[in-house]
Structures are given as C-alpha cells and as structure tokens.
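J.: First residue of the sequence shown: 1, per UniProt numbering; consecutive thereafter.
Yeah, the Cβ is synthetic: ideal placement off N, Cα and C, and Gly gets one too.
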Amino acid sequence: MTTTDTPLTKVLGAKTAKALAEHLELDTAGDLIYHFPRRYDQRGEHTDLRRLEVGEQVTVLAQVQGIGVKPMRQRSGNLLEVTIGDGSGATLTCTFFNQAWRERELTRGRWGLFAGKVTDFRGKRQLNSPNYQLLKADATQDEAAEEIEEFAGALIPVYPAAQAVATWTIAKCVRTLLDTFEPPADPIPRSVRAGRNLVGIGTALREIHRPSSEAALYSAKHRLKWDEAFAVQVTLAQRRTRAAAAPGTARPRRDDGMLAKFDASLPYELTEGQRTVGEEIADDLARAHPMHRLLQGEVGSGKTLVSVRAMLQVVDAGGQAALLAPTEVLATQHFRGIGAQLGALGRAGELDGDHSGTQLTLVTGSLGAAARRAALAKVADGTAGIVVGTHALLYEGVDFKDLGLIVVDEQHRFGVEQRDALRAKAARPPHVLVMTATPIPRTVAMTVYGDLETSVLSQLPRGRSPIASHVVPALEKPAYLDRAWKRVREEVQAGHQAYVVCPRIGEGPEDDSSPPSDNEPARRPPLAVTEVLPALQQEYLKGLRIEMLHGKMPPDEKDAVMRRFAAGDVDVLVATTVIEVGVDVPNSTVMIIMDADRFGVSQLHQLRGRVGRGSAPGICLLHTEAVEGSAARERLDAVASTTDGFKLSEIDLEQRREGDVLGASQSGKHSHLRLLSLLRDEKLIKEARAEAATLVAEDPDLTTHPALAASVAALVDEDRAEYLEKG
Numbered sequence: 001m002t003t004t005d006t007p008l009t010k011v012l013g014a015k016t017a018k019a020l021a022e023h024l025e026l027d028t029a030g031d032l033i034y035h036f037p038r039r040y041d042q043r044g045e046h047t048d049l050r051r052l053e054v055g056e057q058v059t060v061l062a063q064v065q066g067i068g069v070k071p072m073r074q075r076s077g078n079l080l081e082v083t084i085g086d087g088s089g090a091t092l093t094c095t096f097f098n099q100a101w102r103e104r105e106l107t108r109g110r111w112g113l114f115a116g117k118v119t120d121f122r123g124k125r126q127l128n129s130p131n132y133q134l135l136k137a138d139a140t141q142d143e144a145a146e147e148i149e150e151f152a153g154a155l156i157p158v159y160p161a162a163q164a165v166a167t168w169t170i171a172k173c174v175r176t177l178l179d180t181f182e183p184p185a186d187p188i189p190r191s192v193r194a195g196r197n198l199v200g201i202g203t204a205l206r207e208i209h210r211p212s213s214e215a216a217l218y219s220a221k222h223r224l225k226w227d228e229a230f231a232v233q234v235t236l237a238q239r240r241t242r243a244a245a246a247p248g249t250a251r252p253r254r255d256d257g258m259l260a261k262f263d264a265s266l267p268y269e270l271t272e273g274q275r276t277v278g279e280e281i282a283d284d285l286a287r288a289h290p291m292h293r294l295l296q297g298e299v300g301s302g303k304t305l306v307s308v309r310a311m312l313q314v315v316d317a318g319g320q321a322a323l324l325a326p327t328e329v330l331a332t333q334h335f336r337g338i339g340a341q342l343g344a345l346g347r348a349g350e351l352d353g354d355h356s357g358t359q360l361t362l363v364t365g366s367l368g369a370a371a372r373r374a375a376l377a378k379v380a381d382g383t384a385g386i387v388v389g390t391h392a393l394l395y396e397g398v399d400f401k402d403l404g405l406i407v408v409d410e411q412h413r414f415g416v417e418q419r420d421a422l423r424a425k426a427a428r429p430p431h432v433l434v435m436t437a438t439p440i441p442r443t444v445a446m447t448v449y450g451d452l453e454t455s456v457l458s459q460l461p462r463g464r465s466p467i468a469s470h471v472v473p474a475l476e477k478p479a480y481l482d483r484a485w486k487r488v489r490e491e492v493q494a495g496h497q498a499y500v501v502c503p504r505i506g507e508g509p510e511d512d513s514s515p516p517s518d519n520e521p522a523r524r525p526p527l528a529v530t531e532v533l534p535a536l537q538q539e540y541l542k543g544l545r546i547e548m549l550h551g552k553m554p555p556d557e558k559d560a561v562m563r564r565f566a567a568g569d570v571d572v573l574v575a576t577t578v579i580e581v582g583v584d585v586p587n588s589t590v591m592i593i594m595d596a597d598r599f600g601v602s603q604l605h606q607l608r609g610r611v612g613r614g615s616a617p618g619i620c621l622l623h624t625e626a627v628e629g630s631a632a633r634e635r636l637d638a639v640a641s642t643t644d645g646f647k648l649s650e651i652d653l654e655q656r657r658e659g660d661v662l663g664a665s666q667s668g669k670h671s672h673l674r675l676l677s678l679l680r681d682e683k684l685i686k687e688a689r690a691e692a693a694t695l696v697a698e699d700p701d702l703t704t705h706p707a708l709a710a711s712v713a714a715l716v717d718e719d720r721a722e723y724l725e726k727g
C-alpha cells in the first residue's frame, strides 16, 4: 500500500516523478494527494471557447474541425494549423511548428482535451504547441462521455499545472496513486466529525480528486477546509493555554497612584471604547499570568492614551513599562507625545516634576555616549518607570530593574525574535500589549492573532474631523492635478500644513520597493522624493516652505525636520512612508499621495490618517496614472469611497494570496491554506475555533489524539508557528 510518506518514484515512473518534483515540488504521495484541483469541468458541458481570454492558461474539451499544413514564410519548415471547436460557435486555432506528423492523429471529428496559453495572432485566438490528449478515435458521444468519465469521473478536475506537466498528466498520476493509496489516520476526532457532520479523511481525499457527484465534492471540500482551520486553531488554543499557565507578576490598579492622578488631570473625557478597553487591560494586568492582548484601533482612535494608562498601572505596582516602536521618528514622537500627556508626572526628580511620579526615558541608537549611559542607568535602577525606544532596547547592556509590561506599536513591523529578546529582559514573563492601526478582518484576527485576546477601539475621540478622499487621474484629467496643487496652496494660506507622499526616495533602484501592480504593462519608475521636491520648490508650490523626510536621512536630521514641521515652521513635507504611523501634527489638513496605485490599500488608509487630526477637516488626494477600469484604479476608488478601515482590510485581503497569511513565503513551500478562504469561511473558522478550545482544554498536549498532533505539526510547522505570532 502507498502512504503519504511514500516517494513518488515508487508509485509512478521515474521520468514522471522527476517532472512532478522539478516543476511542481511534488515529491511524495502526500504532496500529490494534497495537490487539489483548482476547478472542475462538467462532463458533457464543453468549455465555452467564447469565454477564453488572451494570456490565460487553459484546458479545453473540443473537437477537431479542420486541419492544414503550410510552409513558413520567414524560415524553413512547415506550420500545422488545427482548428478546434466546442459547439458554441467559437473556434480556436492550435499551431505546431515542424510537426506535420500530428496530422495523422488530429483528424477531423476527433474530440480531445487541449491545454496551453491563449495568444492572439492577427485577431485570431490560438494555442501554440498545446499539450493534448485525444479521446477514443471515432467514438460516439456516449463513448466519449464514458472515456471522459474513466479519465476523471463525472467531473473533470483541472489541476494547477506547469508547462512541462499538463493537468491530465497530473490527473493520471492521481488515479494511479488512488489505486494503492492508504489514507492517513483521521486527524479530526470522531466526536468532532460526528457533531459537525464531516466525512472521513479517506473519503474526502478520494472525492476531491474523483468526485462522484456535486454533493460529494462539496462534502469533501468542506471536510478538507476543516482540516486546515482546525490545525491552525488547535495550535493557537495551545498557545493561549500555555500563556495562561505561565507564571507572571500581578500588577493590580491602585486608587491613590499615578494613574488616578493622570485620569483626574485629563482635559477631556475618555470615549466609551477607551474606558471599556481600559478595564479589560486593567483586569488582565491584575492577574498573576502574563497578558497577551492585541489592541486594534483606527488611526487617531486613542490607542496611545490607553497604553499610557496601562503603563502607569504597572509603574504604580512597582514595575517598569517599555514601549517598542519600529522607527526612531516614531519612538521620538511617542516620547514627546507621552511626555506632554504625563506632564509633571513624567518628570519626577526634576525641578518642576511631581515627586510622586516617575521618569520617562528615551533609548534609541542615535543617542550620544553620555546621554545613553545616563538613560541606561535610569533603566537599570528603576528610576525610569516608562522607557520608550526602538530595537535599541533589545541590545545587550540594556537592563531593566523590573520589566512588567511591553507595549509593541505596529506589531507587523517586528519579528517574534525581537519581541522575545525584550521579553527575556524580564525576570518573569512580562505582560504584553500589541497595538496596530491596521484594521484586521475578524477571520484574520482569529487565524493570525488567535493566541492574543483582542480589543477594538472603533470610536474616534471628540473633536476629530472627517477626512475626504478623492482620486486624481493625472493622465485623463491633468487639470485635476493642477487643482490639487492649488488646494495645497489654499490650505497653507489658511494657516494649515500639507504632506506630499512618494513611493520611493530616489537614490537608486534599491529604493523602489513598490509592489508590482496587476500584471499591467511596464510603467515608468515610481515617483521619488528627490524628483518631486525640486519640482514643487521651483514650480507648483514655489514660495512655500518645503522640506523632505525619508528613512535614509541621519536620525538627528530627521528629528530636526519633524520638529520644524510640528512647530509650524515648514508648510509642506515631502516624504516617503516614514510618516505612515505615529506622526501627529494636528495642523496638517491635506495630503497628496503621488502614484497612489503603488501602495497597498491598508497603507493608503494608514497614510491618510495623518491628516484631519485637529479641528479642521482633512483631505487626501490620490494621484494616479492608472486608467479607469483597471484593478489598480478600482482599488483607489474603494479607498476614496470609505473611511471604514475594516471594510478596506477585507478588500486588501481579497487582493492578496490568502496562503501568505500562514507564511507560505517564509518556508518556500506550498501554502497550507489550499482551500480555506479567510473571507468566505468565517462561520467554519468560528466553529473550528470553538471545537479546538474545548479539545485543548481537555487534552492540552494532544496526548490522546496522536493523529491530530501529527497533522498540526505538518500543517503548522515551526516556521508557520512563528509567523502566526509575527502577524
């Protein structure tokens, strides 16, 4: 019998096994059996050739209608042209160079499966040198149908294929494999299968390749989606269980401490969301197990204030808190912002400080030697209760007296190794609060951040202004771009400030990190800060105070530019995405994003959150050369149409390969989300999460479920387990 571990060389011919390994990375019987069809053609329902598009890799079931050989004009040799049709009235030409011998088998009236890439030659669609498999010669319609059924069952599976390995070759290999295949032990426990009406693993694997009916195919897919969802959710449930059992230090709230003083001094009321989330975090911190919480909140929803209150609770309880930011600009911004919020409470020991407060300290890589020594001494002896920094906090020589809470800003910028390095600086596992302004669809939160408790801040604080967004189609309507620059001038004349954001710096090709877009024709390089700046200074915004900001500037220079902009000494800041997170200048009211189609949906949403942060309304203008009707333009229209970050995050997810959510790119192997859709299968994921929580509560190490343990290990290996934490 053949098992999932059997090498394909023992099941198929050496030549075929080698082709599957080289072109599709299928080495074992398990690799092949889990190489699922991407779609199915109905038996007797011939593919409608009218629906084929140029550039598509297709497989069609069609009949030879005409054949002819003619000499080639430009070079020696002959060209065989075969016209095929499917009964819809449309035809397709198959061309073969110097293969006139095929005329003997491709005779008029023969039916066959033809596979190749659709091209266009002088208005005619054709397949160049397609792979094909003919049905039985002179077969009646009934006989042809019988042969197709023999070939692939009632539904014809169409597999993800390669140029050297056609879909029917894969189908033949799967049929050969199924003749001797012994299914693995079922990883989903019998009680779960019965309760959720799931077919067995053996039935599911057979029916997905050779479905006996539409209903059987649905049941097979549903069951195999459960395997994917359940393995991930069991992994996450185990992580939550381990975290809950880990010994931590309780940091309960005090009624007479800094937090109480801070709350009393706030010039405004907390939003209902801030109060609710604050209570959740306060309760977590008061427990003797480390908190692991994800705080989602739209740009400007007040996440930082929530984190400051949590840090004060920990300092009140005798511990220290560290806020880890991804860039020096953002760390400095947080340091200043938190300092302003704390006032005298953050300056204990200084002349104007509150003796019952603490000290706020900044640790970054660009600190001078003396300043660094002084800061590290305060961190080590506990004088600094709240420490803000970049990854410089992770280096050797940064020692905390009693690290009680880590706040990680913009989680997606940090790897799990960096977070673990900071955790290791605490005597006992500290509490962890992860913050993100990138809205995450519910299913992704359950699947990627499922080991963290989740809180959401959806309300904006009072006084925040709406942001209007508009697409500026520069090629179609150049006057719109002229109007955009005039609008910037008007805002500046009204006493406000503006951002102009570019996709790259402009110092070389290495700066071009913009994503490829929609398989569109080659385009000019993305606009760069160093190109746009002089054009604005000399022409479009001449006379205004314009400066630039990007990630390759020296830290002190970046800091100086941000200080001048925050102080109102700069009218227009031309920048890269270095301003994407955390930069808070309430006087900024307008942003123009150049080549906006080069950015992702979530990134555009993040960027525009930098304007409208004060009492004046914000405006975001999305410059693009993408034409109307293109995928890139539709993406921008979607961003302009709504400020609902969660809605946009679902659009963003639709446009990414969902398998990447589980880190397929991390290991270079196939994605393990083959069937599960994080958008469409929300109900199934919720059910799998509930079942996984129950099972892991009874058997945390899966001791009595060895098949499930093996499945989890295979589906969520160490690379992916780490990726789940990274998000």
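Taking all protein chains shown into account, decide if residue 712 is buried (16 or more other Cβ within 10 angstroms of its Cβ) or exposed.
T.: buried
J.: So, using beta-carbon positions, are residue 402 and residue 320 closer together than 7 Å?
T.: yes
J.: Using the DSSP secondary-structure output, state which residues sit across from residue 327 in a beta bridge.
T.: Beta-bridge pairing links residue 327 to no other residue.
J.: Spell out a yes or no on whether the stretch 637-653 and the stretch 468-483 are touching, meaning 3 or more CB-CB pairs, one atom from each, closer than 8 Å.
T.: With the rule of 3 Cβ pairs closer than 8 Å, the stretch 637-653 counts as touching the stretch 468-483.
J.: Please state the DSSP three-state secondary structure of residue 456.
T.: strand
J.: How would you call residue 204, buried or exposed, if buried means at least 16 neighbouring beta carbons within 10 angstroms?
T.: So residue 204 ends up on the buried side.
J.: Is it buried or exposed, residue 395, if we count other Cβ atoms within 10 angstroms and call 16 or more buried?
T.: exposed
J.: Apart from the five residues on each side of it in sequence, which residues of its chain come closer than 8 Å, Cβ to Cβ, to residue 5?
T.: 28, 29, 30
J.: What residue range is occupied by the uninterrupted beta strand (DSSP E) comprising residue 258?
T.: Looking at the DSSP string, residue 258 is not in any beta strand (DSSP E); the run it does join, the alpha helix (DSSP H), is 258-265.
J.: On a Cα-Cα basis, can you pick out the residue from 187, 97, 110, 60 that is closest to residue 74?
T.: 97
J.: Buried or exposed: where does residue 100 fall if 16 or more other Cβ atoms within 10 Å of its Cβ makes it buried?
T.: exposed
J.: Using a Cβ-based criterion (distance less than 6 Å to any ligand heavy atom), does residue 428 qualify as near the ligand GTP?
T.: This structure lacks the ligand GTP; in fact it carries no ligand of any kind.
J.: Do you know how far the Cα of residue 224 is from the Cα of residue 482?
T.: 55 Å
J.: Could you tell me whether the Cβ atoms of residue 282 and residue 251 are closer together than 7 Å?
T.: no
J.: Could you please give me the residues that DSSP links to residue 502 through a beta bridge?
T.: According to DSSP, residue 502 bridges with nothing at all.
J.: Quick one: Cα of residue 602 to Cα of residue 435, how far?
T.: 15 Å
J.: So what does DSSP say about residue 588, is it helix, strand or coil?
T.: strand
J.: Can you tell me which of the three DSSP states residue 554 falls into?
T.: coil
J.: Cα separation between residue 50 and residue 68?
T.: 23 Å
J.: Would you report the Cα separation of residue 330 and residue 189, rounded to the nearest angstrom?
T.: 48 Å
J.: May I ask which residues mark the beginning and end of the alpha helix (DSSP H) holding residue 482?
T.: Per DSSP, the continuous alpha helix (DSSP H) segment holding residue 482 begins and ends at 478-493.
J.: Do residue 618 and residue 457 have their beta-carbon atoms positioned less than 7 Å apart in this structure?
T.: no
J.: Measure how close the beta-carbons of residue 707 and residue 185 come, nearest whole angstrom, since I'm counting them as under 8 Å.
T.: 4 Å
J.: Is residue 113 near residue 79, with beta carbons less than 7 Å apart?
T.: no
J.: Return the first residue and the last residue of the alpha helix (DSSP H) that residue 218 is part of.
T.: 214-245
J.: Measure from the alpha carbon of residue 531 to the alpha carbon of each residue in 504, 328, 541, then state which is nearest.
T.: 504
J.: Per DSSP, what are the beta-bridge partners of residue 730 in this structure?
T.: Outside the displayed span of the chain (1 to 727) sits residue 730, for which this structure offers no information.
J.: State the Cα-Cα distance for the pair residue 658 and residue 650, rounded to the nearest angstrom.
T.: A caution first: residue 658 carries a pLDDT of 48, below 50, which makes its placement in the model too unreliable to give a value.
J.: Which of the three DSSP states is assigned to residue 562 in this structure?
T.: helix
J.: Quick one: what's residue 132 bridged to in DSSP?
T.: 114
J.: Residue range of the beta strand (DSSP E) that residue 409 falls in?
T.: 403-409
J.: Among all the DSSP beta bridges, which residues are the ones paired with residue 435?
T.: 295, 409
J.: Helix, strand or coil for residue 39 per DSSP?
T.: strand
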